[in-house]
Amino acid sequence: MRTARLRTVHPVLWAGWAALAAGAVLCVLGWYGVSGERYAERQLPYLASCTVPGAALIVAGAVLLTHGRGALAAARVEELYGLLVTAEPDEAEESGKAAGAPLAVSGDLLMVPGGTLWHRADCPLVAGKVGSVPVDAKLLASGELGPCPICEPVEETD
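Sequential numbering of the sequence shown, starting at 1, is according to my numbering.
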């Protein structure tokens, strides 16, 4: 998944860098030509043939680099999302879970220190994590913690 998307992004980045380099070279050539001429009418050909296209290439290169980096970031986010929510279909069928049922059904509530959500003990986001601790009732009552959108825990009232 990752390599297919990144193969389409890297040429855009290389094209952006090439456009920036070519634009810089044209601007330098235009400046060099203009600096050697005393009269404005002799400077115009250098401006028209080198400096203006060079500036346009610099702008195009900046746009390509911005687009390429945005696409690269989107590809990485897609990969991370896929790693986070991908579950093997065989496991779901074997356990007999309904498709619309929440992933976690345990009654024990856990949280990650410094986190903003509280989870059921078998939530995939905290299951097996060494740092997960039982939910502090004070934090729950104060509203500092919100329910996990994946396991949809229900607050226990004692």
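Every residue gets a Cβ at the ideal spot worked out from N, C-alpha and C, and that includes glycine.
These numbers come from a predicted model, not from an experiment.
Original post:
Hey, how far is the Cα of tyrosine 39 from the Cα of alanine 56?
Top reply: On the sequence shown, residue 39 is found 39 positions in, with the first residue counted as 1. On the sequence shown, residue 56 is found 56 positions in, with the first residue counted as 1. Using only the alpha carbons, I get a separation of about 25 Å.
**OP:** State the beta-bridge partners of leucine 117 as determined by DSSP.
**Re:** Locating residue 117 in the sequence shown gives position 117, where the first residue counts as 1. Note: leucine 117 sits in a beta bridge opposite Gly146.
**OP:** For serine 132, collect the residues of the same chain with a Cβ closer than 6 Å to its Cβ; drop the 5 residues on either side in sequence, then sort them by chain order.
**Re:** Your numbering for residue 132 matches position 132 in the sequence shown. Closer than 6 Å at the Cβ level, and outside the excluded window around serine 132, lie Leu110, Val112, Val126.
Subject >> Environment of glycine 100 [buried if 16+ CB atoms lie within 10 Å] >> reply: Within the sequence shown, numbered from 1, the residue matching residue 100 stands at position 100. Residue confidence for glycine 100 is low, a pLDDT of 43 falling below 50, so the modelled location carries little weight and cannot support an answer.
Subject >> Separation of leucine 140 from proline 149, as counted between CA atoms >> reply: Residue mapping note: residue 149 aligns to position 149 of the sequence shown, counting from 1. Residue mapping note: residue 140 aligns to position 140 of the sequence shown, counting from 1. The straight-line gap from Cα to Cα measures roughly 16 Å.
Original post:
When you compare only the Cα positions, how much space is there between alanine 73 and arginine 42?
Top reply: As a position in the sequence shown, residue 73 is number 73, starting the count at 1. As a position in the sequence shown, residue 42 is number 42, starting the count at 1. Going by the C-alpha atoms only, they are around 47 Å apart.
Original post:
Can you tell which of Leu29, Thr116, Ile58, Tyr32 has its C-alpha closest to the C-alpha of glycine 16?
Top reply: Sequence index remark: in the sequence shown, residue 16 carries index 16 (1-based). With distances taken between Cα atoms, glycine 16 lies closest to Ile58.
Original post:
CA-CA distance, cysteine 151 and leucine 64?
Top reply: Position 151 of the sequence shown, counted from the start, is the residue given in the question as residue 151. Position 64 of the sequence shown, counted from the start, is the residue given in the question as residue 64. Straight-line Cα distance between these residues: approximately 41 Å.
Original post:
Can you list, in chain order, the stretches of the alpha helix (DSSP H) that have 4 or more residues and sit fully within the region 22-90?
Top reply: 40-46, 52-85
Original post:
Do the CB positions of glycine 36 and cysteine 50 come within less than 8 Å of each other?
Top reply: As a first step, residue 36 must be located in the sequence shown, where it is residue number 36. As a first step, residue 50 must be located in the sequence shown, where it is residue number 50. Not in contact: glycine 36 and cysteine 50 (Cβ atoms no closer than 8 Å).
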